[in-house]
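Below: the structure, in structure tokens.
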Amino acid sequence: MKKNLLLSVLLLLVFSVIIGCGNKEEAQTTEGSTEKNENYLSESGPLTINPEIPDIEVLDKGPNGEQAVSAKSLQLTEEELQKIKDGNYKAAIVMHYSGTDYMNAAVGAMQDTFEKMGIEVVAVTDAQFKAEKQVNDIETVLAKDPDIMISVPVDAVSTAPAYKKAVAQGVKLVFMDGAADGLVAGKDYISVVSGDNYGNGAVAADIMAEKIGGKGKVGIVYHDVNFFVTKNRSDAFEATIKEKYPDIEIVAQGGITDPNKGEEVASAMLTRNPDIDGIFAPWDVPAEGVMAAARTAGRDDLVVTTVDLGTNVAISIASDGIVQGLGAQLPYDQGVAQAILSGYALLDKEAPAYVASPAIKVTKENVIDAWKLIYGVEAPSTVKDALK
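Position one of the sequence shown corresponds to residue 1 (UniProt numbering), numbered consecutively onward.
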């Protein structure tokens, strides 16, 4: 009896380890998010995004100038959910990259919501920010014959033929952050879902101005690719500084095509402008590179603002570090919105062309509460400890 019990325990442990490892290419949900997601999505009634999200004006416009519609307006009724379940549909999630807090939450939300909708997820891919890999990913996924594809184009132009092939195959497309070039909302794809990227860039500019005292010199690290949402952020930061803060001068701008090149570009910027007061980065990964460059240059006084609340930038904000604040998207609820819009497509329900969640201002004063709102779980202990 004891031997059988011991064998059972050992087998259970081995099985748990196998499940825990998984495929490294599959996106995982943010730490602790599984508990929240199951509770949130198991509620009876219509399917919506989090009703506790504040009603903040959305400033963003879509790729064709469409005014964004708030993600809070989306809904699937219980009757509509049942119709979708009865259809036995399949979905594919074709991402531009993965592995960050933001992407883990977004992909996890899609998977959780599709589960509630009775839709099988047949593929989750990571293009590693390479357009040619994404084209291959799309072609591979199409062989699985999905009914729905949610995707972020790495490059709107070079990936467009692959998406057009999906449309020709009858796949219903929902885009995240930007549409492929030449595709038309309501005809070739259902909708684009994003955060309020213009609003987030403006929030980052306001925080920058506050932290440097309303005057000084700043630089911009921008994303030098054909990527709609990151351009919106940088454009908004630049426009807000110029329009609202006449005593702040933008003295340097440097582009990156690789998110890991933020340190290299920021180092050159600091060398040429040793008296610069602050630098904006388009999202948290290149912002981490800017932080590294500042430390190397002995510039712990540099102020960095950005978009998206990742763990490392959250620790910096909480500890009065180099990153002083940011504008945040709502990746989990944006993922839910993308899945809901997939349901709209399957039901032939009219959908808005561009949907966005509001921009959330994050500083030391609210970083813990903001994490809970953005990811639906308590902030990691490393962030809480940094605040202490």
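For every residue, glycine included, the Cβ atom is placed at its ideal position computed from N, Cα and C.
Determine the DSSP secondary structure at residue i, reduced to helix, strand or coil.
i           : result
ILE279      : strand
LEU387      : helix
GLY65       : coil
SER191      : strand
VAL58       : coil
LEU76       : strand
SER316      : helix
residue 395 : Lying before the first or after the last residue shown, residue 395 is absent from the chain, which here runs from 1 to 388.
ASP301      : coil
TYR97       : coil
ASP333      : helix
THR30       : Note on THR30: pLDDT 32, under 50, position unreliable in the model; no value is reported.
LYS211      : helix
ASN39       : Residue confidence is low: ASN39 scores 44 on pLDDT, short of 50, so the model does not pin down where it sits. Its coordinate-derived value is still stated next. Residue state, collapsed to three classes: helix.
PHE15       : Per-residue confidence for PHE15 stands at a pLDDT of 30, beneath the threshold of 50, marking its modelled position as unreliable; no derived number is given.
How is the alpha helix (DSSP H) around residue i delimited, first residue to last?
i      : result
ILE150 : No alpha helix (DSSP H) holds ILE150; the beta strand (DSSP E) holding it covers 148-151.
LEU47  : Segment: none, LEU47 is in no alpha helix (DSSP H) and carries neither H nor E.
GLY289 : 284-296
In the DSSP output, what is residue i paired with across the bridge?
i      : result
ALA92  : ALA123 and MET149
VAL203 : None, per the DSSP bridge assignment.
VAL307 : GLY327
LYS217 : GLU249
SER70  : ALA356
Can you tell me the Cβ-Cβ gap for residue i and residue j, rounded? I've got them flagged as a contact below 8 Å.
i           : j      : result
residue 394 : GLY201 : Coverage of the chain is limited to positions 1 through 388, which leaves residue 394 absent and any answer about it impossible.
LYS364      : ASP320 : 7 Å
residue 397 : ILE276 : It is not possible to answer for residue 397, since the shown part of the chain is limited to 1 through 388.
GLU288      : VAL313 : 7 Å
LEU330      : GLY195 : 6 Å
THR159      : ALA180 : 6 Å
ILE84       : ASP333 : With a Cβ gap of about 19 Å, ILE84 and ASP333 do not count as contacting.
PRO63       : PHE228 : 5 Å
GLY335      : ALA106 : 4 Å
ASP60       : ASN260 : Incorrect: roughly 27 Å between the Cβ atoms, too far for contact.
VAL174      : SER342 : 5 Å
VAL304      : ALA328 : No, VAL304 and ALA328 are not in contact; Cβ-Cβ is about 15 Å, not under 8 Å.
VAL154      : ALA127 : 5 Å
TYR89       : ILE148 : 6 Å
PRO286      : VAL367 : At roughly 20 Å, the Cβ-Cβ gap does not stay under 8 Å, so PRO286 and VAL367 are not in contact.
ILE241      : GLY325 : 15 Å between Cβ atoms; not a contact.
LEU47       : ILE374 : With 8 Å as the limit, LEU47 and ILE374 do not qualify as a contact, their Cβ atoms being about 20 Å apart.
GLY214      : TYR245 : 6 Å
ALA351      : TYR344 : 4 Å
ILE317      : LEU302 : Going by Cβ atoms, the distance from ILE317 to LEU302 rounds to 14 Å, so no, they are not a contact pair.
GLU263      : ALA293 : 5 Å
**Prompt:** Whole beta strand (DSSP E) runs in the segment 221-282 with 3 or more residues, listed along the chain?
**Reply:** 248-256 and 278-280
**Message:** Quick check for students: name the residue ranges of the alpha helix (DSSP H) that lie wholly in the segment 109-189, counting only runs of 4 or more.
**Reply:** 131-142 and 160-168
**Request:** Please list the segments of the alpha helix (DSSP H) lying wholly inside the segment 339-385, counting only runs of 4 or more residues, in order along the chain.
**Result:** Taken in chain order, the complete alpha helix (DSSP H) segments of 4 residues or longer contained in the segment 339-385 are 367-375.
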